[in-house]
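For the sequence shown, our numbering gives the first residue as 32, with consecutive numbering after it.
Written out below as C-alpha cells is the structure these notes cover.
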Amino acid sequence: KTTSGGRVFLLPINLHTINQFFGKTLRPDEAREFIASLADTSIGEPKTFEEQALKFVGRDLYEAFLKGYTVKQWGCEPSQLPASILKRLPVRFNYDDNYFFHRFQGMPENGYTEMVERILNHERIEVRLGTRFTRPDAASFDHVFYSGPLDGYFDFELGRLGYRTLDFDRFSYNGDYQGCAVMNYGDLEIPYTRITEHKHFSPWETHEKSICYREYSRACGPSDIPYYPIRMADEKALLERYVELARTQQNVTFVGRLGTYRYLDMDVTIREALDTGDAYINALQGKGALGAFFVDP
C-alpha cells in the first residue's frame, strides 16, 4: 500500500483496498456495512493498539496491513501500544488513497534544503555548527527555543525517554523503481518498513534514474539520532516528571517533536513553530506570557 508521506506507521485503507483484499465489488455503503460486520463488538473501550484495530476493521485487515508494520516500526507487540496511536487511521469508503484530509498538499519547489538555507540567510541569524548546547548556555540568551530531546536538555538526570531511530540503506536504480514516492511493507518477513523513491516527491521534474532509500526501524541508543517518541506507559510517567522540571526553567520554550516528546507530522510542526513565534512576539509586546510549552505535551 502506498502513502503520500507524513506518518510512517499507519496505512490508509480505502474502498479499493477492501474490494481487492476480499475479492469483492462493494459499493461504498455496502463496504461500510461489511467492515462493520467484521469488527470485534466484544471490545468496549479499546485500551491498546490491537484492541482498537480489531474493533475498527476486524482481524483480517489488522493482521494484513497493520500488525506486521507496527511490530517493525515500534519493536513491540501492538498489544503493548496505546490505542491512541491508531485512532486517526483513515478508513475511506471511496477511492481516495491519500493519508491526509488536507485540502492543500505540497512540497517546496526546489526542496527543503533551499527553503531552509533561504530562511537562515539573514543578517540577524548566526548559525553555529558542531556546537553542543548545554543548559548553562541558556543564560547567555534572552530566550531559548529548544527543539532537541527534552530529556537531553537536562542531561538525562531523571532517566532516558524511549525513542525509535532509523537506519537508511541508499541504493540507485536506472529507471523508475516503484512508481510512487513511498511504498510501505507490512510483512514481518521483510526487515525494512518502507522504501522512499525521492524523484516522485517532485513530479514536475524528469529524471531517468532514481535514488531510493530502504528504512529500518530499531531502538534508539545513546549515540543514535532519536526519531519517534514511543510514549508507552513508562515513558509517559517519566515524561510528566520532565515536563514539571521544564516548567521551572526561565526563558526557555521547548518545541517540536523532540522538545515536546510528541509524534508530529511536518505540517503540524511548521504550524506550531509559526504560532509559537507569534506568541513570543505577543509576549514581548506585553500581550500574555510564553511558558515552557506553547503546546502542552
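Where a beta carbon is used, it is the ideal one built from N, C-alpha and C, also for glycine.
Remember, it's a predicted structure, so these values are computed and weren't measured experimentally.
Q. Buried or exposed: where does residue 104 fall if 16 or more other Cβ atoms within 10 Å of its Cβ makes it buried?
A. In the sequence shown, counting from the first residue as 1, residue 104 sits at position 73. Label assigned to residue 104: buried.
Q | DSSP bridge partner residues for residue 203 (one or two, in chain order) | A | By one-based count along the sequence shown, residue 203 stands at place 172. Paired residues: 242.
Q | Three-state class that DSSP yields for residue 102 in the structure shown | A | Counting from 1 along the sequence shown, the entry for residue 102 is found at position 71. In the structure shown, residue 102 sits in a helix (DSSP, three-state: H, G or I).
Q) What are the boundary residues of the beta strand (DSSP E) that includes residue 129? A) Numbered from its first residue, the sequence shown carries residue 129 at position 98. Looking at the DSSP string, residue 129 is not in any beta strand (DSSP E), and its letter there is neither H nor E.
Q.
For residue 34, which residues in the same chain have their Cβ closer than 7 angstroms to its Cβ, ignoring the five residues on either side in sequence?
A. As a first step, residue 34 must be located in the sequence shown, where it is residue number 3. Its pLDDT being 37, under 50, residue 34 is placed unreliably in this model, and the value from its coordinates should be taken loosely. Cβ-Cβ distances below 7 angstroms link residue 34 to 42, 43, 130, 213 and 215 in the same chain, with the five nearest sequence neighbours on each side left out; the list follows chain order.
(Q) Considering just the uninterrupted stretch of the alpha helix (DSSP H) at residue 146, what are its terminal residues? (A) As a working mapping, residue 146 is identified with position 115 in the sequence shown. Per DSSP, residue 146 belongs to the alpha helix (DSSP H) from 142-151.
Q.
Out of 88, 81, 75 and 205, which one is the CA nearest neighbour of residue 64?
A. Residue 64 sits at position 33 when you count from the first residue of the sequence shown. Of the candidates 88, 81, 75 and 205, the one whose C-alpha sits nearest the C-alpha of residue 64 is 88.
Q) Taking the runs of the beta strand (DSSP E) that are 3 residues or longer, which of them lie wholly in the stretch 158-244? A) Whole beta strand (DSSP E) segments, 3+ residues: 175-177, 194-204, 213-215 and 225-228.
Q. Using the C-alpha atoms, what's the distance from residue 128 back to residue 279?
A. On the sequence shown, position 248 is the one that residue 279 refers to. On the sequence shown, position 97 is the one that residue 128 refers to. So the two alpha carbons sit approximately 45 angstroms from each other.
Q: Look at the Cβ atom of residue 241, then the Cβ atom of residue 204, and state whether they are nearer than 8 angstroms.
A: The count along the sequence shown starts at 1 and reaches residue 241 at position 210. The count along the sequence shown starts at 1 and reaches residue 204 at position 173. A contact, by the Cβ cut-off of 8 angstroms.
Q) Where DSSP assigns a beta bridge to residue 7, which residues make up the other side? A) Residue 7 lies beyond the residue range present for the chain, which begins at 32 and ends at 328; the question has no answer from this structure.
**Q.** Nearest-angstrom Cα separation, counted from residue 190 out to residue 265
**A.** Start at 1 with the first residue of the sequence shown, and residue 265 comes out as number 234. Start at 1 with the first residue of the sequence shown, and residue 190 comes out as number 159. Whole-angstrom Cα-Cα distance: 11 angstroms.
Q) From which residue to which residue does the beta strand (DSSP E) around residue 286 run? A) The count along the sequence shown starts at 1 and reaches residue 286 at position 255. No beta strand (DSSP E) holds residue 286; DSSP gives it neither H nor E.
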